[in-house]
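See structure below.
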Amino acid sequence: MRALKNIFYLGRKELYSFVNDTMLLVFVAYAFSFSIYTAARGVSFELRNAPVAIVDLDRSQLSRRIASALTPPYFMTPEEISFNEIDENMDFGRYTFVLVIPERFEADVIAGEQPELQINIDATVVAHAGIGAGYLQTIITREVMDFLDRSEGRIDLPVTIEPRIMFNPNMNQEWFISVMQIINHVTLLAIILTGAALIRERERGTVDHLLVMPVTPAEIMAAKCWANGLVILIAAAFALIVMVQIVLQVPIAGSVPLFLTGAAVYLFSATAIGVFLGTIARSMPQLSVSDARTPPVLDGRRGPSLSH
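Its first residue numbered 1, the sequence shown is counted upward by one per residue in UniProt numbering.
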């Protein structure tokens with residue numbers, strides 16, 4: 001009973017220290033509000049309304065099918081230009097993609113040959129260039145296969161594969177990134193807060209005061225874990241309910257209380273790692289470097305692909 005009282009009062013002291021630390025307050029508030037919003041909507045790797053032009057030298061049914069398949073929201077309505085206008089329009093940035101369909105393209109496809117299309121790409125935006133090239137390849141391949149199936153009267157297969165994506169059917173980037181940012185920040189800030197609290201007390205000399213008091217090191221560590229974990233849990237609940245569900249309008253298919261319960265259990269291990277790193281590190285820069293390298297290894301983003 002006395003140990004629980006010691007853990008409670010020491011944890012309350014940690015909460016007072018956190019509230020009086022303006023920089024940490026601002027950092028936590030930013031991480032679970034504006035940081036999530038900007039990550040979800042600020043940087044987009046999805047292709048949206050990319051300007052595209054077509055040089056149609058074939059003038060066939062297949063070339064028109066390919067042109068009509070380039071539709072919003074991925075591409076703007078394709079504009080037809082001549083072959084001599086490609087360089088000028090690409091240099092001035094009017095088009096991101098220019099598709100050149102050669103002569104006798106449809107005839108060569110029907111004859112069973114493998115004609116080639118030319119795709120000119122403005123790669124100043126590297127991410128969109130790579131994604132757009134993949135979209136164009138998929139669209140062109142699909143249209144050519146559909147054209148061959150209809151022209152040759154191929155029989156449809158008795159089995160049709162229909163992929164279904166749960167929770168995020170449209171593969172919306174905002175839905176995924178917003179929740180992932182919360183999970184990443186829970187790990188990052190749990191380590192930072194507990195480690196910073198320990199380093200701050202060491203720099204001020206209050207650790208020595210605690211050690212001469214009738215409390216054990218285990219009680220000191222447990223107090224730091226539950227106090228800082230409570231702060232992160234409240235911030236995560238705010239981010240999930242307010243920022244994700246209300247501001248970003250992201251539907252949550254699962255149970256929010258279950259997520260928070262799992263986060264609370266996980267925070268005990270994350271804050272314990274923060275105490276460990278805070279014990280090893282001698283200054284805040286050392287803790288920052290350790291914190292930057294630890295989460296990618298723990299969540300599996302970086303690590304050996306094979307075990308030998």
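All residues carry an ideal CB built from backbone N, CA and C; glycine is no exception.
Could you have a look at residue i and say whether DSSP puts it in helix, strand or coil?
{"i": "residue 58", "result": "coil"}
{"i": "residue 121", "result": "strand"}
{"i": "residue 98", "result": "strand"}
{"i": "residue 1", "result": "coil"}
{"i": "residue 227", "result": "helix"}
{"i": "residue 237", "result": "helix"}
{"i": "residue 215", "result": "coil"}
{"i": "residue 134", "result": "helix"}
{"i": "residue 222", "result": "helix"}
{"i": "residue 103", "result": "coil"}
{"i": "residue 111", "result": "coil"}
{"i": "residue 92", "result": "coil"}
{"i": "residue 116", "result": "coil"}
{"i": "residue 8", "result": "helix"}
{"i": "residue 139", "result": "helix"}
Contact defined as beta carbons within less than 8 Å: I believe residue i pairs with residue j. What is the distance between those atoms, to the nearest angstrom?
{"i": "residue 182", "j": "residue 36", "result": "7 Å"}
{"i": "residue 260", "j": "residue 237", "result": "6 Å"}
One question on the structure: do residue i and residue j come within less than 8 Å of each other, judged by their Cβ atoms?
{"i": "residue 97", "j": "residue 119", "result": "yes"}
{"i": "residue 223", "j": "residue 11", "result": "yes"}
{"i": "residue 102", "j": "residue 109", "result": "no"}
{"i": "residue 50", "j": "residue 74", "result": "yes"}
{"i": "residue 66", "j": "residue 113", "result": "no"}
{"i": "residue 241", "j": "residue 256", "result": "yes"}
{"i": "residue 105", "j": "residue 68", "result": "no"}
{"i": "residue 140", "j": "residue 117", "result": "yes"}
{"i": "residue 32", "j": "residue 185", "result": "yes"}
{"i": "residue 289", "j": "residue 244", "result": "no"}
{"i": "residue 196", "j": "residue 284", "result": "yes"}
{"i": "residue 3", "j": "residue 203", "result": "no"}
{"i": "residue 100", "j": "residue 28", "result": "no"}
{"i": "residue 167", "j": "residue 253", "result": "yes"}
{"i": "residue 287", "j": "residue 161", "result": "no"}
{"i": "residue 315", "j": "residue 233", "result": "Here the chain covers residues 1 to 308 and nothing more, so residue 315 does not appear."}
Here's a check: name, in chain order, each residue in its chain whose Cβ is nearer than 7 Å to the Cβ of residue i, leaving out the five neighbours to either side.
{"i": "residue 79", "result": "53"}
{"i": "residue 46", "result": "173"}
{"i": "residue 93", "result": "122"}
{"i": "residue 135", "result": "47, 74"}
Could you name the residues of the same chain whose beta carbon sits closer than 6 Å to that of residue i, not counting the 5 residues immediately before and after it, in chain order?
{"i": "residue 271", "result": "190, 194, 225, 228, 229"}
{"i": "residue 192", "result": "291"}
{"i": "residue 276", "result": "none"}
{"i": "residue 235", "result": "28, 32"}
{"i": "residue 239", "result": "32, 36, 182"}
{"i": "residue 77", "result": "none"}
Under 8 Å between C-beta atoms, does residue i make it to chain C?
{"i": "residue 161", "result": "Checking the listed chains, one finds no chain C in this structure; it contains a single protein chain."}
Return the chain-ordered list of same chain residues with a C-beta closer than 8 Å to the C-beta of residue i, the five sequence neighbours on each side being excluded.
{"i": "residue 279", "result": "198"}
{"i": "residue 89", "result": "53, 81, 95, 98"}
{"i": "residue 124", "result": "93"}
### Message
So within the segment 11 to 90, which uninterrupted alpha helix (DSSP H) runs reach at least 4 residues, ignoring any that extend past its ends?
### Response
22 to 31, 34 to 37, 61 to 69
### Message
Extract the residue ranges of the alpha helix (DSSP H) inside the segment 154 to 212, only unbroken runs of 4 or more that lie entirely within it.
### Response
173 to 204, 206 to 212
### Query
Taking only runs of the beta strand (DSSP E) that begin and end inside the segment 239 to 299, which ones reach a length of at least 3 residues, in chain order?
none
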